[in-house]
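J.: Residue numbers (this note's numbering): 79 to 435.
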């Protein structure tokens, strides 16, 4: 029986290693932007890849314990950073402080182990259940890191399940994905609790762990496709509800500054500048435009310019204007920059449209 379960464990981690490699390649090539979020996803997958490889090649329970421990902290910080950057950007500062503190401690631990010696720092108390006698201060910091990571997760779960209205254009498409991610983390917490209250054989524990890692990789592999193109578009998770920004931006004020005053004609039209004009933050402005118009600020600017172009070519004063002159009149810096938005928002050729009028 022992031989069979050991073989199953070895095979499961070999398969996990191969699958982690596939997911790593998928993230590397399919994920486009932002680069910060891509790196976080890669760190998360690489951590699982290293854990699976070490678990596959080790010949005794305690082998590579330290390396696997380091990879687990990378996983924890990566999960916190992934959901902070996707949904809770307002907590970015405190999440970064936690991440830097965790990395600082583990970098210190790496050097400390090299100086003092691995066998002195990590003293095995039982090779059968893979337990270790760690110095009290190490236990304290490791437990503190574990608690901090899970507090972030529990806070995010509470907000996503009980506070947000799920009406955000992005959140609707990621609700199931996020729910699966968090439910898997809760399952891990339950497993840890059960393990602490009862004796689960070592091989069964690591087999369950391999399944946990497998499901995590599946969730990463089947992430919503739009995250690959621009995950930062949903990085304003604290504004899932229209009411969250309606008090800061009034539709009549937005229409006056943007449309009535023809702000979009400004060749240097920029969301930061326009946010200052409206007296709100860039994040709030981005969310308002995307929720209201289902497009980015730049897309709204270009679409408005094209619509304005269609209007002015009907006026006699613009009859003798060239296409390039008209393009610059509506806000484009050149004729070349005008053609792509025209085809996207109107279709056809601008010269043909001018000839009609």
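Every residue gets a Cβ at the ideal spot worked out from N, C-alpha and C, and that includes glycine.
CB residue 180 to CB residue 225, shorter than 8 angstroms?
T.: Contact: no.
J.: When you compare the CB positions of residue 288 and residue 94, do they come within less than 8 angstroms of one another, or not?
T.: For residue 288 and residue 94, yes; Cβs fall inside 8 angstroms.
J.: Could you check whether residue 133 and residue 270 sit closer than 8 angstroms to each other, using their CB atoms as the reference points?
T.: For residue 270 and residue 133, no; Cβs fall outside 8 angstroms.
J.: Using a Cβ-Cβ cut-off of 7 angstroms (strictly less than) and excluding sequence neighbours within five positions of residue 314, which residues of its own chain qualify?
T.: Low per-residue confidence applies at residue 314: pLDDT is 44, beneath 50, and the placement is therefore not dependable, though the value from the model is reported in the following sentence. Within the same chain, residue 314 has close Cβ partners 167, 361, 364, 365.
J.: Could you name the residues of the same chain whose beta carbon sits closer than 8 angstroms to that of residue 127, not counting the 5 residues immediately before and after it, in chain order?
T.: Around residue 127: 95, 98, 99, 102.
J.: Excluding the 5 residues preceding and the 5 following residue 107 in the sequence, name in chain order all residues of the same chain whose CB lies nearer than 8 angstroms to its CB.
T.: Excluding sequence neighbours, residue 107 sits near nothing in its chain.
J.: Anyone know if the C-beta pair for residue 122 and residue 160 falls short of 8 angstroms?
T.: In contact: residue 122 and residue 160 (Cβ atoms closer than 8 angstroms).
J.: What does the alpha-carbon distance come out to for the pair residue 153 and residue 295?
T.: Cα to Cα, residue 153 sits roughly 12 angstroms from residue 295.
J.: Which runs of the alpha helix (DSSP H) spanning at least 4 residues fall entirely within the stretch 335-411, listed in chain order?
T.: Listed in chain order, the complete alpha helix (DSSP H) runs (minimum 4 residues) inside the stretch 335-411 are 349-356, 360-371, 375-390, 401-407.
J.: Can you give the beta carbon distance from residue 375 to residue 349, rounded, assuming they're within the 8 angstroms contact cut?
T.: Their Cβ separation, rounded to whole angstroms, is 4 angstroms, which keeps residue 375 and residue 349 in contact under 8 angstroms.
J.: Would you identify the three-state DSSP class for residue 169, choosing helix, strand or coil?
T.: It is helical.
J.: As a quick exercise: from 369, 84, 147, 326, pick the residue whose alpha carbon is nearest that of residue 355.
T.: It is 326.
J.: What number of angstroms, rounded off, separates the C-alpha of residue 381 from the C-alpha of residue 419?
T.: Each residue's alpha carbon lies about 7 angstroms from the other.
J.: Where does residue 414 fall in DSSP's three states?
T.: Residue 414 falls in the helix class under three-state DSSP.
J.: Can residue 410 and residue 383 be called in contact, C-beta distance under 8 angstroms?
T.: Yes; because the gap between Cβ atoms is below 8 angstroms, this pair is in contact.
J.: Select from 164, 236, 124 the residue whose C-alpha is nearest the C-alpha of residue 148.
T.: Checking every option, the nearest Cα to that of residue 148 belongs to 124.
J.: Which one of 235, 137, 214, 433 has the shortest CA to CA distance from residue 264?
T.: It is 235 whose Cα lies nearest to the Cα of residue 264.
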